[in-house]
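Residue numbers (this note's numbering), protein chains in the order written: chain D, 113 to 398; chain V, 113 to 398. Where is the CB? At the ideal position from N, CA and C, for every residue including glycine.
See below:
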């Protein structure tokens with residue numbers, strides 16, 4: 113076996129996402145992590161993996177109770193490539209819920225803050241009011257080529273139903289005026305290579321929607337997410353049952369106003385179960 | 113002037129919301145506040161006023177830069193009637209954005225955590241993709257009676273277009289099956305007595321939507337918001353321009369799943385400007 117093949121085998125044995133979100137607990141209780149070139153963005157790492165890594169610190173924390181219900185990440189400053197540390201503190205533990213406050217530090221500065229709510233769920237009356245979009249199956253669509261300048265897009269198999277990027281990394285205006293006005297994208301998405309779904313990978317996928325500004329207005333300007341909130345509507349058993357199948361994601365914006373726009377997303381299993389909904393507010397320069 | 117009249121005049125001079133959200137800075141930099149019977153809920157205070165009070169601590173903080181863009185509040189434990197303290201820390205200040213971490217303490221325990229992003233906005237290209245609902249004007253609708261068991265509902269003039277409570281505090285199923293299935297409410301809402309809109313009152317109104325579970329399924333069970341996120345799409349000048357006119361609010365749920373449901377809301381000016389969007393995840397017992 114030559115070196116190149118050996119490297120490939122190792123990469124397949126441990127998924128790149130698990131390398132990117134790996135944390136080492138330190139003697140003081142904090143976690144040490146490192147950015148991963150595989151999930152690099154145009155500047156710094158892909159925010160979805162930063163969010164997933166913050167969630168990872170709670171999931172692997174010895175005091176954690178239950179499973180994630182809500183995750184909010186505030187991106188406070190640019191994260192440089194390299195090491196960072198995470199402090200995750202369970203500030204309140206109730207009978208069935210637990211509240212966490214997190215801070216991600218790099219070079220002595222706060223680069224991100226986060227809060228997480230975990231809970232033990234019980235079987236109750238349940239219903240989904242959101243409607244599962246009627247779209248072609250993932251197998252009927254071609255993979256949308258990754259964007260060369262954003263390494264993280266190579267780590268996902270994305271198949272756009274509508275509102276996707278051109279092969280050259282630009283944007284196709286919607287097929288009709290209504291589509292464009294509503295800033296809607298729909299796509300099938302899964303980790304590439306395939307990886308069994310869990311909370312960490314789902315948290316990253318919830319931020320894998322291209323900025324709505326670029327869908328709405330095909331012009332490149334500097335942008336950056338300032339706050340991201342994800343609600344999990346499934347437990348770990350439901351996520352395991354999804355396996356490595358593609359998920360259906362939808363995203364849209366409500367408002368672009370004086371330097372900040374919002375976007376809201378839904379992530380569904382192919383069987384039509386809503387796994388997560390996610391919201392964010394994003395800075396844009398002009 | 114008799115005592116009753118004098119009390120009424122005083123109440124009009126300082127709005128009950130300003131009393132409820134008043135904070136006194138302590139020598140250690142923390143803020144001291146107190147719950148207000150006017151905004152009591154069935155158990156403890158109305159969460160919207162707790163959120164507004166947390167935001168108030170940032171707005172009145174001497175180190176605050178810019179205006180609120182994002183607010184997330186995690187309700188960690190029941191707040192008892194009485195005093196509480198808030199610690200608001202600016203953990204990162206950039207050129208145009210500032211990131212805050214907050215904690216609300218009562219009797220030595222964390223009752224809520226919050227994060228706030230403030231920013232100085234600049235004029236940019238702007239657009240609203242959400243559609244302003246076509247509804248009757250507030251003046252054409254009757255005021256919906258408050259719910260007796262929830263004092264805070266008396267502090268708002270609410271006029272439901274659809275999805276509102278009965279005069280007896282119960283719930284009217286939607287006029288058609290689709291309405292009911294989508295858990296949608298639409299209402300005109302303003303402070304009662306009228307009060308000029310600002311970030312504090314808008315933050316409270318963003319949580320003034322009855323729980324979607326009760327709109328969806330007219331059956332009373334214990335519920336409680338665990339996490340609430342609000343994005344502000346307007347600056348203080350736009351809010352001042354709204355004055356004390358009624359706002360149009362819409363709310364819906366996406367998913368009710370094993371003890372937790374989400375709800376998402378939009379708050380519009382009567383001129384059709386989207387002022388805020390808000391999302392929350394709520395515990396329900398069965």
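Subject >> Bridge partners - residue 360/V, DSSP secondary structure assignment >> reply: 300/V and 380/V
**OP:** Please report the residue range of the alpha helix (DSSP H) in which residue 328/D lies.
**Re:** 324–328
Subject >> Nearest-angstrom Cα separation, counted from residue 328/D out to residue 285/D >> reply: Caution applies to residue 285/D, whose pLDDT of 47 falls short of 50 and renders its modelled position unreliable; the value that the coordinates give is listed next. Those two C-alpha atoms are separated by around 8 angstroms.
Original post:
Considering residue 130/D, what are the terminal residues of the alpha helix (DSSP H) in which it resides?
Top reply: 128–132
Original post:
If you measure from the beta carbon of residue 381/D to each beta carbon in chain V, is any gap under 8 angstroms?
Top reply: no
Subject >> Listed by chain order, chain V residues near residue 200/D by CB distance under 8 angstroms >> reply: Under the 8 angstroms cutoff, chain V gives no residues; its nearest Cβ is about 13 angstroms from residue 200/D.
**OP:** Return the CA-CA distance between residue 358/V and residue 354/D, expressed in angstroms with no decimal places.
**Re:** 45 angstroms
Original post:
Where does residue 170/V fall in DSSP's three states?
Top reply: helix
Subject >> Option in 310/V, 368/V, 305/V and 397/V with minimal Cα separation from residue 126/V >> reply: Selected option, being the one with the closest Cα: 305/V.
Original post:
Given that residue 398/D touches chain V, what residues does it touch there, using C-beta distances under 8 angstroms?
Top reply: Neighbours of residue 398/D on chain V, chain order: 236 and 237.
**OP:** Kindly list the residues whose CB is nearer than 8 angstroms to the CB of residue 149/D, restricted to its own chain and excluding five residues on each side of it in sequence; keep chain order.
**Re:** 193 and 263
**OP:** Compare the C-alpha of residue 342/V against each of 229/D, 243/D, 375/D and 129/D and name the closest.
**Re:** Distances from the CA of residue 342/V to each of 229/D, 243/D, 375/D and 129/D were compared; the closest alpha carbon is that of 375/D.
**OP:** Take residue 298/V as the anchor and find which of 197/V, 233/V and 321/V has the nearest alpha-carbon.
**Re:** 321/V
Subject >> Interface flag, residue 339/D vs chain V, CB-CB below 8 angstroms >> reply: yes
**OP:** Can you grab the Cα-Cα spacing for the pair residue 390/D / residue 379/D, in whole Å?
**Re:** 8 angstroms
Subject >> Sub-8 angstroms separation of residue 181/V and residue 344/V beta-carbons >> reply: yes
Original post:
Applying a beta-carbon distance threshold of less than 8 angstroms, which residues of chain D neighbour residue 370/V?
Top reply: Result: 233, 234, 235, 236, 238 and 347.
**OP:** Spell out a yes or no on whether the stretch 128–135 of chain V and the stretch 242–249 of chain V are touching, meaning 3 or more CB-CB pairs, one atom from each, closer than 8 angstroms.
**Re:** no
**OP:** Would you mind telling me which residues of chain D sit closer than 7 angstroms to residue 189/V, beta carbon to beta carbon, in chain order?
**Re:** 204 and 206
**OP:** Return the Cβ separation of residue 336/D and residue 395/D in integer angstroms, given the expectation that the two are a contact with Cβ distance under 8 angstroms.
**Re:** 5 angstroms
**OP:** Tell me, to the nearest whole angstrom, how far the beta carbon of residue 332/V is from that of residue 398/D; I am working on the premise that it is less than 8 angstroms.
**Re:** Not confirmed; about 50 angstroms, so no contact.
**OP:** With DSSP collapsed to three states, give me the class of residue 143/D.
**Re:** strand
**OP:** Count the other CB atoms, across all protein chains shown, that sit within 10 Å of the CB of residue 226/D; report buried if there are 16 or more and exposed otherwise.
**Re:** buried
**OP:** Starting from the beta carbon of residue 186/D, find every residue of chain V whose beta carbon is closer than 7 angstroms, and list them in chain order.
**Re:** 211, 227 and 229, listed in chain order.
Subject >> residue 366/D: contacting residues in chain V (beta-carbon distance under 8 angstroms) >> reply: Scanning chain V for C-beta atoms nearer than 8 angstroms to the C-beta of residue 366/D yields 240, 241, 242, 345, 378, 386 and 389, reported in chain order.
Original post:
Is there at least one Cβ from chain V nearer than 8 angstroms to residue 132/D's Cβ?
Top reply: no
**OP:** Please report how far the alpha carbon of residue 212/D lies from the alpha carbon of residue 368/D, in whole angstroms.
**Re:** 31 angstroms
Original post:
Should residue 356/D be labelled buried (16 or more other beta-carbon atoms within 10 Å of its own) or exposed?
Top reply: exposed
Subject >> Inter-residue spacing [alpha-carbon to alpha-carbon] between residue 203/D and residue 222/V >> reply: 7 angstroms
Original post:
By the criterion of Cβ-Cβ separation under 9 angstroms, what are the contact partners of residue 328/V in chain D?
Top reply: 239 and 241
Subject >> Inter-residue CB distance, residue 171/D and residue 311/D (contact presumed, cutoff 8 angstroms) >> reply: About 6 angstroms separates the beta carbons of residue 171/D and residue 311/D, which is inside the 8 angstroms limit, making them a contact pair.
Original post:
To which residues of the same chain is residue 168/D closer than 7 angstroms at the C-beta, ignoring the five residues directly before and after it?
Top reply: 133, 135 and 312
**OP:** Give a yes or no on whether the minimum CB-CB distance between residue 291/D and chain V is below 8 angstroms.
**Re:** The predicted position of residue 291/D is uncertain, since its pLDDT is 43 and thus under 50; no value can be drawn from it.
Subject >> Residues that residue 142/V contacts on chain D, provided the C-beta gap is smaller than 8 angstroms >> reply: Neighbours of residue 142/V on chain D: none; closest Cβ ~16 angstroms, over 8 angstroms.
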